[in-house]
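Report on the structure given below.
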Amino acid sequence: MKQTGEKLARRFDTLKPRERIMVFAAGVAIIAGLGFVLVIDGALAKHKILAANAEKHRGDLAQLQRQNAELARLLALDPDAEGRKHIDDLRQQLGGYDTELRGVQQGLVPPNRMAKVLEDMLSRDSNVRLVKLRTLPVAALVEPAGIPADNTAAKPSASSKNLVYKHGIELTVEGNYLDLLEYQSRLEKLPWRMFFARTSVNSADYPRVLMTITLYTLSLEEAWLVV
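In terms of my numbering, the sequence shown opens at residue 93 and continues consecutively.
Rendered as structure tokens:
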């Protein structure tokens, strides 16, 4: 090992000044790259934890929607006494889910403030620039169950009046890797919560790096804003 080191040192001494600078710069780049990989790994691990928590809340809300759809289906069938008892039980369960839903919603950023929150954060960071911001189509968290054909006209909105809606935004920003990671970290620490659906990084034009974040909030209102 020592002989190999001495051999490399002698070879380095024979290089011209310009060649020495190139070798030194390459070594610095390799070390910096290894350090960045460690930073990225830590950020990805934290992102996985946040995504798991978001998925849990999403599952709870999806359960609420399934219960609501089942209640609407039973109401459309004009149930007998046994059916009414089942409906009463479902209503009690829905009451608990509804309370939980409203508690979760209070901590989420309202759809009509979502874009402004993201833009305000960018205005305070000169190292990260907005490239594109677009809203995604509003979608129900869980599609309502189908209503029997002979009852559709009589009660067209029985299963949809209490739907939970997903309001999504796709945000593309540019900067260097560390500044982009810091921006995403600040997003995750906001008092208003949002669900991170996906994050992708494009470094094809390095050192100019693009990061696209898809995130959404939940609301009982279908109305969306236009950006």
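Idealized CB from N, CA, C, for every residue including glycine.
(message) Once the 5 residues before and after residue 305 are set aside, which same chain residues still bring their CB inside 6 Å of it?
(response) Excluding sequence neighbours, residue 305 sits near 263, 291.
(request) Could you tell me if residue 203 is buried or exposed, where buried requires 16 or more neighbouring beta carbons within 10 angstroms of its beta carbon? (result) The residue is buried, with at least 16 neighbouring Cβ atoms inside 10 Å.
(message) Using 8 Å as the threshold, is the C-beta distance between residue 301 and residue 266 below it?
(response) Contact flag set, yes.
(message) Residues in the same chain with beta-carbon distance under 6 Å from residue 163, minus the five sequence neighbours each way, listed in chain order, please.
(response) Excluding residues within five positions, the ones whose Cβ falls inside 6 Å are 182.
(message) In this structure, how does DSSP classify residue 160 when only helix, strand and coil are distinguished?
(response) Residue 160: helix per DSSP, three-state reduction.
(request) Run the CB neighbour count on residue 282, radius 10 Å, all protein chains shown included, and call it buried at 16 or more, exposed below. (result) That one is exposed.
(request) Please go through the stretch 256-303 and give each complete beta strand (DSSP E) segment of 3 or more residues, from N-terminal end onward. (result) Counting only runs of 3 or more residues that sit fully inside the stretch 256-303, the beta strand (DSSP E) segments are 257-267, 287-297, in chain order.
(request) Since I believe residue 303 is in contact with residue 272 (beta carbons under 8 Å), could you give me their beta-carbon distance rounded to a whole number of angstroms? (result) Cβ atoms of residue 272 and residue 303 come within 8 Å of each other, at about 5 Å.
(message) Along the chain, where does the alpha helix (DSSP H) containing residue 209 start, and where does it finish?
(response) Annotation: the continuous alpha helix (DSSP H) that includes residue 209 extends over 203-215.
(request) Give the secondary structure of residue 153 by DSSP, where H, G and I count as helix, E and B as strand, and everything else as coil. (result) Residue 153: helix per DSSP, three-state reduction.
(request) Go to residue 222, then tell me how far its beta strand (DSSP E) extends in each direction, as first and last residue. (result) Taken as a continuous stretch (DSSP letters only), the beta strand (DSSP E) holding residue 222 covers 221-227.
(message) Within 10 Å of its beta-carbon, does residue 285 have 16 or more other beta-carbons around it, so buried, or fewer, so exposed?
(response) When all chains shown are included, residue 285 counts as buried.
(message) Do residue 211 and residue 257 count as a contact pair if the criterion is CB distance below 8 Å?
(response) Residue 211 is positioned such that its CB atom lies no closer than 8 Å to that of residue 257.
(message) residue 233 and residue 310 - do their beta-carbons sit closer together than 8 Å?
(response) For residue 310 and residue 233, yes; Cβs fall inside 8 Å.
(message) Using DSSP's beta-bridge definition, name the partner residues of residue 312.
(response) DSSP, once it has assigned bridges, lists no residue as partnering residue 312.
(request) Count the other CB atoms, across all protein chains shown, that sit within 10 Å of the CB of residue 219; report buried if there are 16 or more and exposed otherwise. (result) It counts as exposed.
(request) With a threshold of 16 other CB atoms inside 10 Å of the CB of residue 294, please say whether the residue is buried or exposed. (result) Flag for residue 294 reads exposed.
(request) Consult DSSP for residue 307 and reduce its assignment to one of helix, strand or coil. (result) If DSSP states are grouped into helix, strand and coil, residue 307 belongs with the strands.
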